[in-house]
Every structure is written in C-alpha cells, then in structure tokens.
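Residue numbers (the working numbering): 20 to 135.
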C-alpha cells in the first residue's frame, strides 16, 4: 500500500508557472509507473503526464512542451513542473501510483486555477 500527498497547487495568472509535488509514504523505486491526472468541473479525469521506473515519460498532447514530469526516488517524490499555464489547465490535479501487484493508488488532489 502507498499513500500519496499532493501539494503545490494554487492560483496563477495565464502564462505563469507552478510546480506540483507528490510525496509517497514509502519508496517509489519499485513502483513502475507514476503519473499526474487532472479533472476539470464537468469533465472526466484525464492523464496529464506519466513516468516509468526507467524515467521514460509521456504527456497529453495539450501539455507537451509546457509540462515536465520527474521523479526523485531518494525523496519518494514525483513532480510536475507546469509552465505557460492556460485557463484551460484549471482543474484538480491528482497523483497516481500503479504498483507491481496491479493496484492503483490516488492522492487527494490539489487545485490549480489559472485566471487573471
């Protein structure tokens, strides 16, 4: 089992930046895939970015070139650096961990609001 705690959300103006953090309750070295999802009001939850244990990454087309996912195994933390934020990036952002035994864990979410 693993608990995930997100932080770093907030209100930012269009074009601004935020860095989200996802702290895990145990080592993430053995977790093969971790990712960030988001859910805007009235919309389904969608994958934003994911990173494997080997540090390969994939991104939603809408955030490519603006967002960067990374992981620090020593700190049991996954990050999402978000640059060039747009109003359409406004959502609750969730961290996810997909473990070797096929289970999926979620954090409680952190709100990101992009508005002038």
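The C-beta atom is built at its ideal place from N, Cα and C for all residues, glycine as well.
{"Check": "Chain-order list of residues whose beta-carbon lies under 6 Å from that of residue 59 (same chain, five-residue window excluded)", "Outcome": "110"}
{"Check": "Nearest candidate by alpha-carbon position, reference residue 84, set 119, 67 and 115", "Outcome": "67"}
{"Check": "For residue 23, the nearest candidate out of 112, 134 and 131 (CA to CA)", "Outcome": "112"}
{"Check": "Secondary structure of residue 25, DSSP reduced to three states", "Outcome": "strand"}
{"Check": "Nonlocal neighbours in the same chain, by C-beta distance under 6 Å from residue 3, ignoring five residues either side", "Outcome": "For the chain, the structure presents residues 20 to 135; residue 3 sits outside this window and is missing."}
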